[in-house]
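Trainee: Take this structure, written in structure tokens, and hold onto it; I'll ask about it next.
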Amino acid sequence: MSQFPAFSLELFRLDGQVALVTGSGSGLGNVFARALAVAGATVVSADIDAVSAESTAEEIRNAGGKATSLIVDVSNPDSVSAMVNGTIKEHGRLDILINNAGIASPAHRVHEMLVSDWDRVDAINTRGVFLCAKAVLPQMMEQKKGSIINISSIAGLAGVSNDLSAIAANYSASKGAVATFTKQIAVEYGRDGIRCNAIAPGWHLGTQLGKEALPSSEAEINALLAKLQELTPMNRTGDPEELAGLLVYLASDAASFMTGQVIAHDGGWTAW
Ligand code: NAD
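Going by this note's numbering, the sequence shown opens with residue 10, and the numbers climb by one from there.
Structural data, given as structure tokens:
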């Protein structure tokens, strides 16, 4: 007799669980927060921009879900502790962490890259992911259950052509670190009932990421879009909403034996 329930769509439900989403004020984080709430979780929307964090929480409440918001700077240990302690104090538990907050910098090649740009990206994309995981793990260990989902990138799996002028080595290195960190957490905490997986999104346009690195003229943007399409087997870029199903799956008991995986969501970009 199996100790696991027979398959049903109920396995994807997150009722009674508390999910913390960083960088939830915009882009993919907003999609993730809304999707977790639709699946039944109580969502804590956390962003360095308090107004946008609250606007995501309000969007969820207006749609009939449960959500609160917090301000956080994921690169700051005290701020991260306050976010996690505040979540546990208000909601009594913490089951799911979406380590989503991230930035990009101007796409300079390595020999021209500013050390300050390297450090800025590293502080949020790598140190921030570490600090948030470190802060939630004791609570998840006490609960003997937890799911951490880190947002890496296709740029963390392989180099991206410089012709695209959109990805720099500081970003790639930070997302590669997130992918390996994911595997290490999975190995270290599997016995504590904690799963850790990463999503490596391909090009999902319409977010604020790397806006400063994008070309300014419409012709150049169109040329970039055409190139992205050409390099993607599915011949299009992704829509942020398309990531929601994978995220909810990884967060839920439907993925009860899934850990340490870095899953590309990229229309085939990494399948060439
Ligand atoms: P976005 O810029 O729209 O959202 C990022 C959010 O993070 C913003 O709300 C921002 O305020 C917040 N943030 C920035 N610094 C923060 C900090 N120090 N503390 C807390 N919050 C902070 O970008 P996005 O495209 O939605 O990116 C979300 C994640 O997905 C990032 O980690 C990014 O690297 C990753 N990603 C995105 C794509 C894509 O195509 N959009 C592809 C691969 C990976």
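C-beta atoms are modelled at their ideal positions from N, C-alpha and C, and glycine is treated no differently.
Does at least one heavy atom of the ligand NAD sit under 7 Å from the Cβ of alanine 110?
Mentor: To locate residue 110, count along the sequence shown from 1; it is residue 101. Yes, the beta carbon of alanine 110 sits closer than 7 Å to at least one heavy atom of the ligand NAD.
Trainee: Cα separation between alanine 178 and glutamate 229?
Mentor: Stepping through the sequence shown from its first residue, residue 178 is reached at position 169. Stepping through the sequence shown from its first residue, residue 229 is reached at position 220. Computed Cα separation, rounded: 22 Å.
Trainee: Under the rule that 16 or more other beta-carbon atoms within 10 Å means buried, what is leucine 123, buried or exposed?
Mentor: Within the sequence shown, residue 123 is the residue found at index 114, counting from 1. When all chains shown are included, leucine 123 counts as exposed.
Trainee: My assumption, with CB atoms under 8 Å, is that serine 61 sits in contact with glycine 95. Please give the rounded CB distance.
Mentor: Against the sequence shown, residue 61 aligns to sequence position 52. Against the sequence shown, residue 95 aligns to sequence position 86. At roughly 18 Å, the Cβ-Cβ gap does not stay under 8 Å, so serine 61 and glycine 95 are not in contact.
Trainee: Does phenylalanine 266 pass the burial test, meaning 16 or more other C-beta atoms within 10 Å, or should it be called exposed?
Mentor: Counting from 1 along the sequence shown, the entry for residue 266 is found at position 257. So phenylalanine 266 counts as exposed.
Trainee: Could you please give the first and the last residue of the uninterrupted alpha helix (DSSP H) stretch that includes isoleucine 97?
Mentor: Position 88 of the sequence shown, counting from 1, holds the residue named residue 97. Its alpha helix (DSSP H) spans residues 86-100.
Trainee: Tell me the start and end of each unbroken alpha helix (DSSP H) in the segment 198-266 that is at least 4 residues and wholly inside, in chain order.
Mentor: Entirely contained in the segment 198-266, the alpha helix (DSSP H) runs reaching 4 residues are, in chain order, 227-240 and 253-260.
Trainee: Note down the Cα distance separating isoleucine 112 from alanine 28, rounded to an integer number of angstroms.
Mentor: Here residue 112 is taken as the residue at index 103 of the sequence shown, counted from 1. Here residue 28 is taken as the residue at index 19 of the sequence shown, counted from 1. For isoleucine 112 and alanine 28, the distance between alpha carbons rounds to 22 Å.
Trainee: Smallest Cα separation from aspartate 275: which of Glu121, Pro210 and Ala72?
Mentor: The residue you call residue 275 lines up with position 266 of the sequence shown. Minimum Cα distance to aspartate 275 is reached at Pro210.
Trainee: Give the secondary structure of isoleucine 176 by DSSP, where H, G and I count as helix, E and B as strand, and everything else as coil.
Mentor: Your numbering for residue 176 matches position 167 in the sequence shown. Three-state DSSP puts isoleucine 176 in coil, outside helix and strand.
Trainee: Helix, strand or coil: which one does DSSP assign to asparagine 39?
Mentor: Here residue 39 corresponds to residue number 30 of the sequence shown, with the count starting at 1. Note: asparagine 39 maps to helix in three-state DSSP.
Trainee: Looking at the structure shown, is alanine 280 part of a helix, part of a strand, or coil, going by DSSP?
Mentor: Numbered from 1 along the sequence shown, position 271 holds the residue referred to as residue 280. Helix at alanine 280.
Trainee: Mapping DSSP to helix, strand and coil, what is alanine 15?
Mentor: Your numbering for residue 15 matches position 6 in the sequence shown. Residue state, collapsed to three classes: coil.
Trainee: Compute the distance between the beta-carbons of alanine 48 and arginine 70, then report whether it is under 8 Å.
Mentor: Residue numbering aside, residue 48 sits at position 39 when the sequence shown is read from its first letter. Residue numbering aside, residue 70 sits at position 61 when the sequence shown is read from its first letter. The answer is no: Cβ separation not under 8 Å.
Trainee: Shorter than 7 Å, the distance from the beta carbon of proline 210 to the closest heavy atom of the ligand NAD, or not?
Mentor: Counting from 1 along the sequence shown, the entry for residue 210 is found at position 201. Under cutoff, so the answer is yes.
Trainee: Let me check you understand the geometry: is the CB of serine 114 closer than 7 Å to at least one non-hydrogen atom of the ligand NAD?
Mentor: Counting from 1 along the sequence shown, the entry for residue 114 is found at position 105. No, since every heavy atom of the ligand NAD falls outside the 7 Å radius drawn around the Cβ of serine 114.
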